[in-house]
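Residue numbers (our numbering), protein chains in the order written: chain U, 134 to 262; chain E, 33 to 267.
Ideal placement from N, C-alpha and C gives every residue a C-beta, glycine not left out.
Written out below as structure tokens is the structure these notes cover.
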Amino acid sequence: MRTPRSLLILAAAAILLCPLPARAHHSFAAEYDANAAVAVKGVVTKIEWTNPHAYVYIDVTDEGGKIVNWAFEGYPPNTLKRTGFPRGLLKSGDVISVTGYRARYSQNRAAGREITLADGRKVFLGPAA
Amino acid sequence: MATLDVGSAQQTALRRSAAGAPDISGVWQSGGVSLYGDQGTAGPPAGSRGAAPPPRREPPQYTAAYAAKQKTFTAVDDPTAACLLPGVPRITSMPMPFEIVQTPEKIVILYESFHAFRIIPIDPQLRHPADVTPTWMGDSVAKWDGDSLVVDVVGFNDKTWLGGVGTVHSEDMHVVERFTPKADGTLAYEATVTDPKALTKPWVTGATLRTPKGARVEEYECIENNQDLTHMRKP
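Set out below in structure tokens:
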């Protein structure tokens, strides 16, 4: 389908209008690989509702049956709350699916992007790469 | 889906204080997903689409010595990655709200990011104290110029970055900020940075500040659980 030229112009204007770069705390690329997408499903073992990032830890059973604990980094708690992910939404024992981007230098660690809850609801955990 | 009710193109008269100056008090933010309360997107509100884009910003132009110094840094060296204060004007670009408190005698800016604050006396002569110690956020003094608040900032240390990787400066950095309220309810922000040791010409940056949807300034204790530095490496 051909995209109308007016829509392309609007999209370009939207990009140009975006404010200053909005990374609060650290460079994404220094820690995570935008080209290494990861998607896992597992059981929440711990939630750290902390700054500068919240962390969600989940036990994931790998292909060999071994349980591996993954750490997914997210927005700071204030940002999560403001974008529809309140404290208490997740609790240990919940089964969730998470997408994100793998850490460059650490195993079983990722920048979280989106969480799908057991009931199908989706919330964003962190920014797109 | 959240309703976009910020930064609309609606024209309104400027709010004014009893003394006649524009009233720029309130909560403001330059960007970030929480600006609109929308998940995952940080674009402008629908009402601002089609507006003129901001001017293209040129990167800082460094003297030879500082260009060489800049090359010695990587993203791992970013002071804010260690939860240190971002300095001025970088603090304005942080994706968190800040609140301006205004009186006839002073402006106070309380930033969510990094617990930063600025107490800015109003002085038409823009006089700084004689005993300023170089600091991360510098020493600020302001005056009204028509409907713009002009803030003069000196007294910086040389440890903050202007924005990009290794964008260092000297203790001689001088920043002039202009906060100008607009009829559409936004607050235009522009900062001009000069530094006779580091820059060959002034560096200009800016943003359109908007009132975030339903947000108030809350606590952000960055050092609480800062795991990132242990998972980053210099390339």
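Collapsing the DSSP output to three states places T194(U) in a strand. Within the segment 199–253 of chain E, no alpha helix (DSSP H) run of at least 4 residues lies entirely inside it. Remark: C-beta atoms of E144(E) and Y252(E) approach each other more closely than 9 Å. The C-alpha of V171(U) is placed about 54 Å away from the C-alpha of L158(E). Taking the beta carbon of R242(U) as reference, the chain E residues within 7 Å of it are H263, listed in sequence order. Between W176(E) and A53(E), the C-beta gap is smaller than 9 Å, which places the two residues in contact.
Look at Q102(E) here: in three-state DSSP terms it is helix. When CB distances to chain U are screened at a threshold of 8 Å, the residues of the segment 102–115 of chain E falling below it are T106, A107, V108, D110, T112, A113 and C115, in chain order. Here K191(E) carries a coil assignment [DSSP, helix/strand/coil]. Taking C-beta atoms as the reference points, T232(E) and A223(E) fail to come closer than 9 Å.
Exposure of V164(E) is indicated by the presence of fewer than 16 other C-beta atoms within 10 angstroms of its C-beta. Only residues of its own chain outside the window of five on either side were considered, and among them P166, T167, W168 and E203 have a CB closer than 7 Å to the CB of N189(E), listed in chain order. Nearest to D252(U) by C-alpha distance, out of A261(U), I229(U) and R237(U), is I229(U). Annotation: Cβ neighbours of E256(E) in chain U (cutoff 7 Å, chain order): T183 and N184. Taking the Cα positions, P92(E) is about 20 Å away from H159(U). Look at the segment 206–226 of chain U: the residues with a C-beta under 7 Å from a C-beta of chain E are P209, N211, T212, R215, T216 and G217.
Chain U places no beta carbon closer than 9 Å to that of A148(E), leaving this residue out of the contacts. Contact of A169(U) with chain E is not assigned, every C-beta pair being separated by 9 Å or more. Beta-carbon to beta-carbon, A163(U) and M264(E) are separated by about 5 Å, close enough to satisfy the 8 Å threshold. Between the alpha carbons of F161(U) and P260(U) lies a distance of about 10 Å. In the pairwise beta carbon analysis, the segment 237–251 of chain E is classified as not touching the segment 228–246 of chain U: fewer than three pairs are separated by under 8 Å. A45(E) has its alpha-carbon roughly 31 Å from the corresponding atom of T216(U). When the Cα atoms are used, K191(E) and R48(E) turn out to be separated by approximately 37 Å. For chain E, the residues of the segment 229–254 of chain U that bring a beta carbon within less than 7 Å of one of its beta carbons are A236, Y238, S239 and R242, in chain order. Counting along the chain, T212(U) sits inside the alpha helix (DSSP H) bounded by residues P210 to R215. Taking a beta-carbon distance threshold of 9 Å, Y188(U) counts as an interface residue toward chain E. Between D155(E) and P219(U), the alpha-carbon positions lie close to 43 Å from each other.
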